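To start, the structure itself, in structure tokens.
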Amino acid sequence: MAAEPVTRSPFDVARFAAERAARAVRLGAPLRYAPTTGSTNDDALAAAREGEPEGALFVSDEQRAGRGRRGAGWVAPPRAHLMFSLVLRPRVPPDRLSTLALATGLAVREACARYVTSPLRVKWPNDVELDGRKLAGILIESSGVGTARLAVVVGVGVNVARVPWPPELTERATSLEEAGARVEREALLAEVLAALERRVAVWEAQGLEASRAELAAADALRGEAVTVEGVSGIAAGIAPDGALLIATPEGVVRVVSGHVVRAGTRGATPAPTART
Amino acid sequence: MALPTQELEGLLQLLREHGATEFEYEDEGYRLRIGFAGAPVTVAAASPAPAPAAAAATASPEPEEAANVVWIASPFVGTFYRAPSPDAAPFVEVGVNVRKGQVLCIVEAMKLMNEIESEHAGTLLEVLVENGQAVEYGQRLFKLAKS
Chain G
0 MAAEPVTRSP
10 FDVARFAAER
20 AARAVRLGAP
30 LRYAPTTGST
40 NDDALAAARE
50 GEPEGALFVS
60 DEQRAGRGRR
70 GAGWVAPPRA
80 HLMFSLVLRP
90 RVPPDRLSTL
100 ALATGLAVRE
110 ACARYVTSPL
120 RVKWPNDVEL
130 DGRKLAGILI
140 ESSGVGTARL
150 AVVVGVGVNV
160 ARVPWPPELT
170 ERATSLEEAG
180 ARVEREALLA
190 EVLAALERRV
200 AVWEAQGLEA
210 SRAELAAADA
220 LRGEAVTVEG
230 VSGIAAGIAP
240 DGALLIATPE
250 GVVRVVSGHV
260 VRAGTRGATP
270 APTART
Chain L
0 MALPTQELEG
10 LLQLLREHGA
20 TEFEYEDEGY
30 RLRIGFAGAP
40 VTVAAASPAP
50 APAAAAATAS
60 PEPEEAANVV
70 WIASPFVGTF
80 YRAPSPDAAP
90 FVEVGVNVRK
100 GQVLCIVEAM
110 KLMNEIESEH
120 AGTLLEVLVE
130 NGQAVEYGQR
140 LFKLAKS
């Protein structure tokens with residue numbers, strides 16, 4: 000392996016094509032690669048509105064306006080991380096869509112588990128943690144809900160290279176390289192797509208039902224004291240419809256939206272990831 | 000057990016005569032609560048729901064709307080956002096003309112940001128939900144005058 004981390008090279012389209020072919024992945028075509036862009040999610044959503052087909056993949060080495068939840072900005076060094084947005088056109092009723100973030104989290108976890116041995120968990124609803132630190136983030140956006148034009152853009156950012164985190168994040172964010180794995184982004188992307196392809200097919204047919212045991216085992220919050228939008232209690236698992244269950248003195252509360260703050264966490268700012 | 004219709008009517012009359020504002024009755028598997036807060040009247044009953052109670056619940060019909068007035072409702076439970084990001088301008092403002100298929104807002108559930116489109120072309124009359132507010136399935140978000 001080269002002394003210089005391979006993840007510092009620009010995304011190699013030919014190498015990705017070979018990695019994808021080796022895994023016989025259907026998702027990932029057409030590939031729209033841009034060395035730099037505002038946000039791959041924005042690009043994918045705009046293209047999806049114009050009829051971009053399922054499987055279209057938007058990859059970038061650098062995003063000037065990458066977005067987390069509700070526009071929370073972040074800065075990633077160019078070429079350090081994997082950032083992509085994938086167009087899907089799922090045939091599911093609108094109320095079933097929201098569990099896609101959890102299915103995607105499980106796919107990212109599965110792909111990353113090929114490279115690292117430390118525990119990987121899914122933090123409801125859309126982060127993947129490695130050793131309790133944020134490794135990956137997911138942002139899903141839809142257009143045309145309730146119409147035949149429905150398009151879903153699955154944005155994923157995985158921290159690949161070792162980067163200098165600001166002091167307040169060193170304990171909260173991590174990367175595959177920090178965990179000892181030197182991973183090529185092209186191979187990782189093919190792995191994530193392969194896992195996602197299998198899981199999306201199952202999810203379209205039966206939602207999270209088939210993943211319940213896996214999700215329970217992968218649940219990063221289970222048993223932890225949390226607060227979400229004013230509801231405080233102990234995280235008590237994830238319901239089949241994807242809702243986070245919180246055990247409070249008044250009973251179990253279902254949460255479907257909001258930012259989870261763990262007890263003892265300073266502030267409510269999410270750790271940055273290579274988000275799309 | 001549920002009260003027979005006749006008895007319930009008698010009860011309602013009695014309560015009105017005495018100017019009662021609230022009445023609650025509970026028996027095995029059956030609960031009846033009647034509230035008189037001027038209009039609207041609230042009646043909530045556990046199963047089986049007596050028919051007259053349901054009738055009483057509709058005692059104050061909504062004011063009649065013009066025939067071209069339509070509502071855009073939320074397709075899921077989630078959080079309502081009027082703008083694509085906190086520092087961006089809202090998708091739409093009251094008084095503007097919207098196209099069919101134009102994005103009106105985002106409803107977020109489990110980090111899935113769903114653009115909600117207008118099902119009709121028309122003029123936006125009212126935004127019924129505050130930015131950042133939780134919304135229910137089927138809750139009305141916008142009021143529109145169809146063009």
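Chains G and L, in that order, are what the protein sequence lines are. In case it helps, numbering that gives the first Met the number 0 puts the first sequence at residues 0 to 275. In case it helps, numbering that gives the first Met the number 0 puts the second sequence at residues 0 to 146. Just so you know, even glycine gets a beta-carbon here, dropped at the ideal spot from N, CA and C. Small disclaimer: the values here were computed from a predicted structure and weren't measured.
Boundaries of the beta strand (DSSP E) in which residue 126(G) is found, first to last residue: Looking at the DSSP string, the run of the beta strand (DSSP E) that includes residue 126(G) is 126-129.
Taking a Cβ distance cut-off of 9 angstroms, strictly less, list which residues of the region 139-151 of chain G are near chain L, in chain order. Taking 9 angstroms as the cut-off between beta carbons, the residues of the region 139-151 of chain G near chain L are 139, 140, 141, 142, 143, 144, 145, 146, 148, 151, in sequence order.
Strictly under 9 angstroms for the Cβ-Cβ distance: is residue 75(G) near chain L by that measure? So no, residue 75(G) is outside the interface.
Tell me the start and end of each unbroken beta strand (DSSP E) in the region 60-126 of chain G that is at least 3 residues and wholly inside, in chain order. The region 60-126 of chain G contains these whole beta strand (DSSP E) runs: 81-87, 119-122.
Count the other C-beta atoms from every protein chain shown that fall within 10 angstroms of the C-beta of residue 280(G), then say buried if there are 16 or more, exposed otherwise. Outside the shown range of chain G (0 to 275) lies residue 280(G), about which nothing can therefore be said.
Mind checking the region 230-252 of chain G against chain L and listing, in chain order, the residues whose C-beta falls within less than 7 angstroms of any C-beta there? Contacts with chain L (Cβ-Cβ distance below 7 angstroms) from the region 230-252 of chain G involve 241, listed in chain order.
Looking at residue 152(G) and residue 84(G), is the spacing between their C-beta atoms short of 9 angstroms? Note that the C-beta distance between residue 84(G) and residue 152(G) is below 9 angstroms.
Taking 9 angstroms as the threshold (beta carbon to beta carbon), is residue 143(L) in contact with chain G? Taking a beta-carbon distance threshold of 9 angstroms, residue 143(L) does not count as an interface residue toward chain G.
Does residue 90(L) get closer than 9 angstroms to chain G when you measure Cβ to Cβ? Not an interface residue.
Under 8 angstroms Cβ-Cβ, which residues of chain G neighbour residue 120(L)? In chain order: nothing, as chain G lies at least about 15 angstroms away.
Could you list which residues in chain C have their beta carbon closer than 7 angstroms to that of residue 93(G), in chain order? Of the chains in the structure shown, none is chain C; the protein chains are G and L.
Can you confirm whether residue 97(L), when its beta carbon is compared against all beta carbons of chain G, has any partner nearer than 9 angstroms? Put simply, the CB of residue 97(L) is far from chain G, with every gap to its CB atoms at 9 angstroms or more.
With 7 angstroms as the C-beta to C-beta threshold (strictly closer), list the residues of the region 107-132 of chain L near chain G in chain order. Identification of residues in the region 107-132 of chain L having a C-beta nearer than 7 angstroms to some C-beta of chain G yields 107, 108, 109, 110, 111, 112, 113, 114, 115, 116, given in sequence order.
Per DSSP, the bridge partner or partners of residue 80(L): Beta-bridge partners assigned by DSSP to residue 80(L): 105(L).
Residue environment, residue 74(L), which counts as buried when at least 16 other CB atoms sit within 10 Å: Its Cβ being crowded by 16 or more others within 10 Å, residue 74(L) is buried.
Taking only the alpha-carbon atoms, compute the straight-line gap between residue 34(G) and residue 112(L) and give it to the nearest angstrom. Rounded to the nearest whole angstrom, the C-alpha separation of residue 34(G) and residue 112(L) is 26 angstroms.
Could you run through the region 89-118 of chain G and flag, in chain order, every residue whose CB is less than 8 angstroms away from some CB of chain L? Hits within the stretch, in order: 93, 94, 96, 97, 98, 99, 100, 101.
With a 10 Å radius around its C-beta and 16 neighbouring C-beta atoms as the bar for buried, classify residue 176(G) as buried or exposed. Result: buried.
Taking the alpha-carbon of residue 150(G) as reference, which of 255(G), 217(G), 157(G), 47(G) has the nearest alpha-carbon? Proximity to residue 150(G) across 255(G), 217(G), 157(G), 47(G) peaks at 47(G), based on C-alpha coordinates.
Spell out whether any CB of chain G is found under 9 angstroms from the CB atom of residue 139(L). Taking 9 angstroms as the CB threshold, residue 139(L) stays off the interface with chain G.
Can you tell me which of 122(G), 170(G), 7(G) puts its alpha carbon nearest to the alpha carbon of residue 257(G)? Residue nearest to residue 257(G) within the set 122(G), 170(G), 7(G) is 122(G) (criterion: CA-CA distance).
Residue 116(G) classed as buried or exposed, judged by whether at least 16 other C-beta atoms fall within 10 angstroms: By the neighbour-count criterion, in which 16 or more other beta carbons inside 10 Å mark a residue as buried, residue 116(G) falls on the exposed side.
Can you give me the C-alpha to C-alpha distance between residue 219(G) and residue 88(G), rounded to a whole angstrom? The alpha-carbon atoms of residue 219(G) and residue 88(G) are separated by roughly 29 angstroms.
Starting from residue 256(G), find everything on chain L with Cβ-Cβ shorter than 8 angstroms and list it in chain order. The contacting residues are 76, 77, 78, 107, 108, 109, 133.
If you pair each beta-carbon of the region 179-199 of chain G with each one of the region 103-118 of chain G, do three or more pairs fall below 8 angstroms? Under the three-pair Cβ rule at 8 angstroms, the region 179-199 of chain G counts as touching the region 103-118 of chain G.
Looking at the structure shown, is residue 177(G) part of a helix, part of a strand, or coil, going by DSSP? Under the three-state reduction of DSSP, residue 177(G) is assigned to coil, being neither helix nor strand.
Taking 9 angstroms as the CB-CB limit, is residue 136(L) close to chain G? It does: the Cβ of residue 136(L) has a partner Cβ on chain G nearer than 9 angstroms.
Spatial neighbours of residue 100(G) within its chain, please: C-beta separation below 7 angstroms, excluding the five flanking residues on both sides. Only 124, 125, 137, 139 meet the Cβ criterion.
Count the other CB atoms within 10 Å of the CB of residue 135(L); is the residue buried (16 or more) or exposed (fewer)? Around the beta-carbon of residue 135(L), fewer than 16 other beta-carbon atoms lie within 10 Å, marking it exposed.
Closest residue to residue 143(L) among 95(L), 8(L), 9(L) (Cα-Cα distance): Nearest Cα to residue 143(L) within the set 95(L), 8(L), 9(L): 95(L).
Spell out the partners DSSP gives residue 192(G) in its beta bridges. For residue 192(G), which the question treats as bridged, DSSP gives no partner whatsoever.
Are residue 134(G) and residue 79(G) closer than 9 angstroms when you measure CB to CB? Not in contact: residue 134(G) and residue 79(G) (Cβ atoms no closer than 9 angstroms).
So residue 203(G) packs on residue 25(G), CB below 8 angstroms; how close in whole Å? The C-beta separation of residue 203(G) from residue 25(G) comes to about 14 angstroms, leaving the pair out of contact by the 8 angstroms criterion.
Closest to residue 10(G) by C-alpha separation, out of 245(G), 183(G), 238(G), 231(G), would be which residue? Comparing alpha carbon positions, the residue from 245(G), 183(G), 238(G), 231(G) closest to residue 10(G) is 183(G).
With which residues is residue 142(G) paired in a DSSP beta bridge? BP columns for residue 142(G) point to 150(G).
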